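See structure below.
There are 2 protein chains.
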Amino acid sequence: MLLTDRQLLILQVIVDDFIRSAQPVGSRSLSKKEEISFSSATIRNEMADLEEMGFIEKTHTSSGRVPSEKGYRYYVDHLLSPQTLNPQDISIIQSIFAERIFEFEKIIQRSARILSEMTNYTSIVLGQDVGINKLKRIQIIPLNKETAVAILVTDTGHVENRTFSLPAALDMSELEKIVNILNEKLSGVPLEDLHDKIFKEVAMLLKQHISRYDLFLHTIAETFKMPATEKLFFAGKTNMLSQPEFHDIAKIRNLLTMIDREDWITNLIRSNQKGISVKIGSENQNSIMEDCSLITATYSAGTEKLGTIAILGPTRMEYSRVISLLQLLSHDLSAVLTKLYQYK
Amino acid sequence: MLLTDRQLLILQVIVDDFIRSAQPVGSRSLSKKEEISFSSATIRNEMADLEEMGFIEKTHTSSGRVPSEKGYRYYVDHLLSPQTLNPQDISIIQSIFAERIFEFEKIIQRSARILSEMTNYTSIVLGQDVGINKLKRIQIIPLNKETAVAILVTDTGHVENRTFSLPAALDMSELEKIVNILNEKLSGVPLEDLHDKIFKEVAMLLKQHISRYDLFLHTIAETFKMPATEKLFFAGKTNMLSQPEFHDIAKIRNLLTMIDREDWITNLIRSNQKGISVKIGSENQNSIMEDCSLITATYSAGTEKLGTIAILGPTRMEYSRVISLLQLLSHDLSAVLTKLYQYK
DNA sequence: ATTAGCACTCGTTAATGTGGAGTGCTAACA
DNA sequence: TGTTAGCACTCCACATTAACGAGTGCTAAT
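Residue numbers (numbering that gives the first Met the number 0), protein chains in the order written: chain X, 0 to 343; chain V, 0 to 343.
Rendered as structure tokens:
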């Protein structure tokens, strides 16, 4: 099942051509290409072999060939020329970081937008899990007699806030004491551990210093319970509508509905090992994604992986360009975030 | 141009039927309805008159009739029976407020979601303009030597935060002083006035107490400049894909792309007078919306209008039900928010 | 091993025909 | 005079047919 050089060439040209045109590729049009110096009949023979091996398919008996999933896979794994991005693309990516930005979310959102504009695919970014960020400071600000806002600031500058109900019996000086205790004990604790830590370490201390501490303990623990997951950022959700493979409304609706399910997307995209990953069609383990490919790249601060940046497109995707773009972006993004978060 | 009772009846039945079936309504099928006791020939005569007056249209020479925009308008203005919502709908709406919620955004987001699920249309909620909320407290929390987070809490419990660059020359005790001055001078000031107020009232005071106050003044003023607009909440963006009138991908794409333009939607929905408004087709002043109707309702806290809640659907929309739902929801929502914000 | 040639397949498009749902008009009727 | 039955007519929707062309597989010649 080793492919000859000629078969490799033909497979590559077929995939390239189909990615460009979205039309099945025939032997005659292939034979006219510069790269190809043999006749259409020869090509037909080779194509028959490639088809037998499962790399290409016909849409009907007398149609040209279309890459199969296996074909795309082989193309991505072995035939992708390490394409150099065109200088314009490079400068657009770098423009994301041109102005100084302090806020994680803004950088991320902008990255997603620009990526989707450059590619005409959908881009999705999985933000960092704020749960692992360490608490820098807690503030509690009473709004009125009954409610107050709790504000958590992490060492990365992320701010979480919750409004909660204030026990009637609590006076201001006590509240101040509580905030002091919380800051003292919880500073440096990852947000996701706050809930536990409050019961384990703060409860006792509160008991010593605050009358009716019990009224407050539960509320505060609940208030600081972290929401489940990482935040998602989208851009170009409607770009899929421009892809010729999605001329079918039912298909589009299924896909867009899926995309709107954040839990599902999070699972799809979350990735453990660093680097670029390409999932083609049914490799995504979902029938609705069978005409889609998903390319993901992780970004980090220092050595710590923060999140994932992904491009969702049709299986007929510009793999080479998208991979290059993601490589560049994830690298630059990591550099900026590393600096922003002062890793060394 | 006054319509006879019989014409009114026929118009009403045509609109009702078309809203239900999305099919042009013919004289024969009309004559079979219970409500209608005269023959198809009579109906044909009446329909010819209604068409001449512009209330209904043919899609082609020998087709049944379809309501025109004018027909819908008349239907909405005069023929809408003040329908009583079915009890199930009522209880679903009320379930939104069943559990106690303290946060504006959560209530709003949930309202939008439930509304879109109930109607199968797209629902859009325009949040309040946080600019008019009054500042309750400012906090500035240094993250490291170079950056700090500024946190603004309003009297409604809304929290805004910005990360900014800290002048090198500033020491901690000075920062504390600054925060005290800011709180003293800016407390109670609407967020949108902060920027001005800082120059008018805070600048002098800073000058007196802080060396190199100039380094900080501009940064802080910029940091507190409010972002332009009200926040938007969406639900059911893809519901439009299920409507038979949007079988055309290009149309859908235009519409969805429009919906993603927040500035545009904000302008479309923002409404000055209180109460329900129905905009049918081209009344929305935009060619992409010509097959859509938009029903908006405002919600308030006390006497103050906070925002708008809207349903976007095809012109062939269930006006009666949607209007009733919006009336109920905006009423209940206003009640909850009034309470939440402690108006009397 | 390569390629020219040819019969064959099948999708696409245009042309043609048929059935049915609907209309407008006319004449008869209560 | 308002209502209705009847009828000719229109036009969409759908199916059938035909022509075309892009493509294939196979065979035989180079």
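The beta-carbon is built from N, C-alpha and C at its ideal position, and this holds for glycine as well.
Computed from a predicted structure; not experimentally measured.
Take residue i as the anchor and find which of the options has the nearest alpha-carbon.
i: L134 (chain V); options: V:I150, V:Q127, V:S122, V:A300; result: V:I150
i: T118 (chain V); options: V:E229, V:I140, V:P313; result: V:P313
i: R109 (chain X); options: X:F233, X:L214, X:M316, X:Q341; result: X:F233
i: S404 (chain V); options: V:I92, V:I137, V:G25, V:R27; result: Nothing about residue 404 (chain V) can be reported from this structure: the residues present for chain V run from 0 to 343 only.
i: G301 (chain V); options: V:G53, V:V277, V:T337; result: V:T337
i: K346 (chain V); options: V:K199, V:T265, V:L174; result: The first residue shown for chain V is 0 and the last is 343, placing residue 346 (chain V) beyond what the model contains.
i: R72 (chain V); options: V:I308, V:S276, V:K32, V:A309; result: V:S276
i: P189 (chain V); options: V:I251, V:E159, V:E33; result: V:E159
i: A168 (chain V); options: V:D192, V:D262, V:R211, V:H157; result: V:R211
i: N285 (chain V); options: V:L332, V:I258, V:A40; result: V:I258
i: D88 (chain X); options: X:I139, X:S115, X:G187, X:G53; result: X:S115
i: L327 (chain X); options: X:V129, X:L79, X:A296, X:H194; result: X:A296
i: K196 (chain X); options: X:K250, X:V75, X:E33, X:I219; result: X:I219
i: D154 (chain X); options: X:S186, X:P141, X:T146; result: X:S186
i: Q242 (chain V); options: V:K32, V:I9, V:A21, V:T3; result: V:A21
i: D48 (chain V); options: V:H59, V:G70, V:Q207; result: V:G70
i: M288 (chain X); options: X:V12, X:G306, X:F245, X:Y298; result: X:F245
i: H194 (chain X); options: X:L240, X:D262, X:F223, X:S90; result: X:F223
i: I180 (chain V); options: V:E191, V:G280, V:P166, V:A202; result: V:A202
i: E282 (chain V); options: V:G274, V:K273, V:S292; result: V:S292
i: T237 (chain X); options: V:E221, V:G130, V:L254; result: V:L254
i: L79 (chain V); options: V:A97, V:D15, V:V129; result: V:D15
i: V178 (chain X); options: X:L142, X:I137, X:H157, X:E191; result: X:I137
i: S30 (chain V); options: V:R19, V:E50, V:L8, V:K206; result: V:L8
i: S172 (chain V); options: V:N132, V:P141, V:S28; result: V:P141
i: V335 (chain X); options: X:H217, X:E98, X:K176; result: X:E98
i: G239 (chain V); options: X:I310, X:Q341, X:V124, X:T256; result: Reading the sequence as shown, one finds Met at residue 239 (chain V) and not Gly. Considering only alpha carbons, the answer is X:T256.
Name the DSSP beta bridge partners of residue i, please?
i: S278 (chain X); result: The sequence shown places Lys at residue 278 (chain X), not Ser. DSSP, once it has assigned bridges, lists X:L293 as partnering K278 (chain X).
i: K57 (chain V); result: V:R64
i: F232 (chain V); result: V:V124
i: E183 (chain X); result: Partner(s): none; E183 (chain X) has no beta bridge.
i: Y298 (chain X); result: X:G306
i: N160 (chain X); result: X:I150
i: I139 (chain X); result: X:A149
i: P226 (chain V); result: According to DSSP, P226 (chain V) bridges with nothing at all.
i: G312 (chain V); result: V:S292
i: P23 (chain X); result: Paired residues: none, contrary to the question.
i: K133 (chain V); result: V:P189
Quick check on the DSSP output: the alpha helix (DSSP H) that includes residue i runs from which residue to which?
i: K105 (chain X); result: 103-118
i: R252 (chain X); result: 248-258
i: F165 (chain V); result: It should be noted that the sequence gives Leu, not Phe, for residue 165 (chain V). Here L165 (chain V) belongs to no alpha helix (DSSP H), and DSSP marks it neither H nor E.
i: K196 (chain X); result: 193-196
i: V12 (chain X); result: 4-20
i: A47 (chain X); result: 39-51
i: H208 (chain V); result: 202-208
i: E261 (chain X); result: 261-268
i: L79 (chain X); result: Note, L79 (chain X): premise wrong, no alpha helix (DSSP H); not H, not E.
i: S28 (chain X); result: 26-30
i: S94 (chain X); result: 86-94
Tell me which residue opens and which closes the beta strand (DSSP E) that residue i is part of.
i: L327 (chain X); result: Segment 318-339 is the alpha helix (DSSP H) holding L327 (chain X); no beta strand (DSSP E) there.
i: S241 (chain V); result: It is not in any beta strand (DSSP E) - S241 (chain V) carries neither H nor E in the DSSP assignment.
i: L151 (chain X); result: 146-153
Specify whether the stretch 99-109 of chain V and the stretch 310-330 of chain V touch according to this definition: at least 3 beta carbon pairs, one from each stretch, less than 8 Å apart.
The stretch 99-109 of chain V makes no contact with the stretch 310-330 of chain V; the number of CB pairs closer than 8 Å stays below 3.
Contact residues within the stretch 90-116 of chain V, judged by C-beta distance below 7 Å to chain X:
F101, E102
Which residues, in chain order, does the stretch 268-299 of chain V contribute to contact with chain X at a C-beta distance below 8 Å?
Answer in chain order: no residues at all.
Got a sec: which bits of the stretch 227-242 of chain V sit with their beta carbon under 8 Å from any beta carbon on chain X, in order along the chain?
Within the stretch 227-242 of chain V, contact with chain X at the beta-carbon level (separation under 8 Å) is assigned to K236, T237, L240, S241.
Taking beta-carbon pairs under 7 Å, can you tell me which members of the stretch 137-161 of chain V lie near chain X?
Q138, I140, L142, N143, T146, V148, I150, V152, D154, G156, V158, N160
Short-range partners of chain X found in the stretch 243-267 of chain V, where Cβ spacing is below 7 Å:
Among the residues of the stretch 243-267 of chain V, those with a Cβ less than 7 Å away from any Cβ of chain X are H246, I248, I251, R252, L255, T256, D259, in the order of the chain.
Short-range partners of chain X found in the stretch 163-196 of chain V, where Cβ spacing is below 8 Å:
F163, S164
Across the stretch 250-269 of chain X and the stretch 60-69 of chain X, are there enough close Cβ pairs to call them in contact, namely three or more that are closer than 8 Å?
no
Contact list for the stretch 12-25 of chain V against chain X, Cβ threshold 7 Å:
none
Chain V contacts from the stretch 40-64 of chain X (Cβ-Cβ distance under 8 Å)
Residues passing the 8 Å Cβ filter: none.
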